[in-house]
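These notes are about the structure you will find just below.
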Amino acid sequence: MKIGFVGLGRMGMALVQNLIDQGHEVVAYNRSQDKVKEAEAHGATGVASLSEMLDELEGKRVVWLMITASAVDGILDELEPLLRKGDIIIEGGNSYFEHSQARAKRFEHKGITFLDCGTSGGVEGARHGACMMIGGSREGFSFVETLFRDTCVDQGYAHVGQSGAGHFVKMVHNGIEYGMMGALGEGMQALHEQEKKLGIDLKNVSKVYAHGSIVEGKLSSLLERGLKRDDFEQIVGVVPKGETEEEMEKLEKLAEMSILKESRLMRVRSRAKPSFAAKIIATLRNEFGGHKVEKK
2 MKIGFVGLGR
12 MGMALVQNLI
22 DQGHEVVAYN
32 RSQDKVKEAE
42 AHGATGVASL
52 SEMLDELEGK
62 RVVWLMITAS
72 AVDGILDELE
82 PLLRKGDIII
92 EGGNSYFEHS
102 QARAKRFEHK
112 GITFLDCGTS
122 GGVEGARHGA
132 CMMIGGSREG
142 FSFVETLFRD
152 TCVDQGYAHV
162 GQSGAGHFVK
172 MVHNGIEYGM
182 MGALGEGMQA
192 LHEQEKKLGI
202 DLKNVSKVYA
212 HGSIVEGKLS
222 SLLERGLKRD
232 DFEQIVGVVP
242 KGETEEEMEK
252 LEKLAEMSIL
262 KESRLMRVRS
272 RAKPSFAAKI
282 IATLRNEFGG
292 HKVEKK
């Protein structure tokens, strides 16, 4: 399938490479033309404008957005007069679900399908096999399902409901992720506090946790990898504010999620009082998403 792709940051560039590897044709646009040239080097067709991107597409045109939530409406404002009946927009960022519902209604009367796609798996997942949760028209989903099937791990995507459902399911996923990282952080801090007294080797502990234990999983594997980093000792125990933090505050008001609230506050408190637990969380975020860490 030939599609337009907007947004060539860490996740976007990795997903473009994944799509090309799977045999899809990608017409790539980004405000920074340096990123467009990088995408061209990976096999994409680079363009200098949204109108040029759409001119490269035929029939029922598909445009995939992989941009920050704050930039979505600006791009949609530019796209709207260029789109026509039958076109499909896939929005793969971390938008708030009610905003996605409003955007779907905005385009529905023009016969344009808007799919909200929550994307998980980090940069590595986007490059080699992601996890996607899609909301919106089932007919529109079916038309582009091959894109999700080809870029996700086996069983790693689904149409989860009507407009807004994809981003709501991803928002809850993020809340669970906050709690899991918070638990790993405070657990490693408890071990760190007894490290010298009991002769504990944190690297060996993380290896055991990541292989066969009940807490085995992607985050435990990333923890094992993170503790082996050459620069781990230089990472400061502060979690910089991320794009999803305000969204998590909204989720706390929509449902009883006390674990999410405490894990979010762990991050907030770290900015005033650094901790080893926050150092673990910051390391994990950097490992899966390339998020910024502060160093000594």
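Counting the sequence shown from 1 gives a position; the numbering used here is that position plus 1.
Glycine included, C-beta positions come from ideal geometry on N, C-alpha and C.
Between the CA atoms of residue 289 and residue 143 - distance to the nearest angstrom
Counting from 1 along the sequence shown, the entry for residue 143 is found at position 142. Counting from 1 along the sequence shown, the entry for residue 289 is found at position 288. For residue 143 and residue 289, the distance between alpha carbons rounds to 29 Å.
Nearest CA to the CA of residue 231: which residue from 212, 296 and 245?
What you label residue 231 is simply residue 230 of the sequence shown in a count that begins at 1. Taking only the C-alpha atoms, the option nearest residue 231 is 296.
Let's see if you can read the secondary structure: which residues bound the alpha helix (DSSP H) around residue 155?
Position 154 of the sequence shown, counted from the first residue, corresponds to residue 155. Premise fails: residue 155 lies in the beta strand (DSSP E), 153-162, not in any alpha helix (DSSP H).
Inter-stretch contact (C-beta, 8 Å, three-pair minimum) for the region 181-197 and the region 271-286
yes
Which two residues bound the contiguous beta strand (DSSP E) that contains residue 117?
Position 116 of the sequence shown holds residue 117. First-last of the beta strand (DSSP E) with residue 117: 114-121.
If you count every other CB in all the chains shown that lies within 10 Å of the CB of residue 204, and 16 or more means buried, which is it?
Looking up residue 204 in the sequence shown gives position 203. Classification for residue 204: exposed.
Residues sharing a beta bridge with residue 1, DSSP:
For residue 1 there is no data in the structure shown, the boundaries of the chain being 2 and 297.
One question on the structure: do residue 93 and residue 55 come within less than 8 Å of each other, judged by their Cβ atoms?
Counting from 1 along the sequence shown, the entry for residue 93 is found at position 92. Counting from 1 along the sequence shown, the entry for residue 55 is found at position 54. No, the Cβ-Cβ distance between residue 93 and residue 55 is not below 8 Å.
In whole angstroms, what separates the C-alpha of residue 151 from that of residue 179?
The residue labelled residue 151 in the question sits at position 150 within the sequence shown. The residue labelled residue 179 in the question sits at position 178 within the sequence shown. Answer to the nearest angstrom: the Cα atoms are 28 Å apart.
Taking 6 Å as the limit between beta carbons, can you name the residues of its chain near residue 208, skipping five residues before and five after?
If you number the sequence shown from 1, residue 208 lands on position 207. Counting only Cβ-Cβ distances below 6 Å, and skipping sequence neighbours, we find 225.
Integer Cβ distance of residue 154 from residue 132, believed to fall under 8 Å:
On the sequence shown, position 153 is the one that residue 154 refers to. On the sequence shown, position 131 is the one that residue 132 refers to. Indeed they touch by this definition, with Cβ atoms about 7 Å apart.
Could you check how far apart the C-beta atoms of residue 95 and residue 245 are, in whole angstroms? I think they sit under 8 Å.
Against the sequence shown, residue 95 aligns to sequence position 94. Against the sequence shown, residue 245 aligns to sequence position 244. At roughly 6 Å, the Cβ-Cβ gap stays under 8 Å, so residue 95 and residue 245 are in contact.
Buried or exposed, going by whether 16 or more other CB atoms sit within 10 Å of the CB of residue 114?
Counting from 1 along the sequence shown, the entry for residue 114 is found at position 113. When all chains shown are included, residue 114 counts as buried.
Closest by C-alpha distance to residue 233, when choosing among 41, 294 and 15
Along the sequence shown, one-based indexing puts residue 233 at 232. Considering only alpha carbons, the answer is 294.
In chain order, which continuous runs of the alpha helix (DSSP H) of length 4 or greater are located wholly inside the region 203-281?
203-210, 219-228, 246-255 and 259-271
Express the C-alpha separation of residue 223 and residue 262 in angstroms, rounding to a whole number.
As a working note, residue 262 is residue 261 in the sequence shown. As a working note, residue 223 is residue 222 in the sequence shown. Those two C-alpha atoms are separated by around 23 Å.
Taking only the alpha-carbon atoms, compute the straight-line gap between residue 134 and residue 199 and give it to the nearest angstrom.
Numbered from 1 along the sequence shown, position 133 holds the residue referred to as residue 134. Numbered from 1 along the sequence shown, position 198 holds the residue referred to as residue 199. So the two alpha carbons sit approximately 44 Å from each other.
Taking residue 299 as part of the alpha helix (DSSP H), name the residues at either end of that continuous run.
Nothing in the structure corresponds to residue 299, since the chain is present only between 2 and 297.
Among 216, 194 and 195, the one whose alpha carbon lies nearest that of residue 1:
Residue 1 lies beyond the stretch modelled for the chain, which goes from 2 to 297, so this question has no answer here.
List the residues that DSSP assigns as beta-bridge partners of residue 26.
Numbered from 1 along the sequence shown, position 25 holds the residue referred to as residue 26. DSSP lists 3 as partners of residue 26.
Closest residue to residue 16 among 28, 253 and 127 (Cα-Cα distance)
The sequence position of residue 16 within the sequence shown is 15, counting from 1. Comparing Cα-Cα distances from residue 16 to each of 28, 253 and 127, the minimum goes to 127.
Counting C-beta neighbours from all protein chains within 10 Å, is the total for residue 160 16 or more, i.e. buried, or is it exposed?
Here residue 160 corresponds to residue number 159 of the sequence shown, with the count starting at 1. Result: buried.
Using the rule of at least 16 other Cβ atoms within 10 Å of the residue's Cβ for burial, across every protein chain shown, is residue 177 buried or exposed?
Taking the first residue of the sequence shown as position 1, residue 177 is located at position 176. By the neighbour-count rule (16 or more Cβ atoms within 10 Å), residue 177 is not buried but exposed.
Delimiting residues of the alpha helix (DSSP H) encompassing residue 76
Residue 76 sits at position 75 when you count from the first residue of the sequence shown. That run of the alpha helix (DSSP H) goes 73-80.
Between the alpha carbons of residue 162 and residue 138, how many angstroms are there, rounded?
To locate residue 162, count along the sequence shown from 1; it is residue 161. To locate residue 138, count along the sequence shown from 1; it is residue 137. Approximately 8 Å between the Cα atoms of the pair.
Of all the options 125, 87, 275 and 166, which has the alpha carbon lying nearest to the alpha carbon of residue 237?
Taking the first residue of the sequence shown as position 1, residue 237 is located at position 236. Residue 237 has its Cα closest to that of 275, out of 125, 87, 275 and 166.
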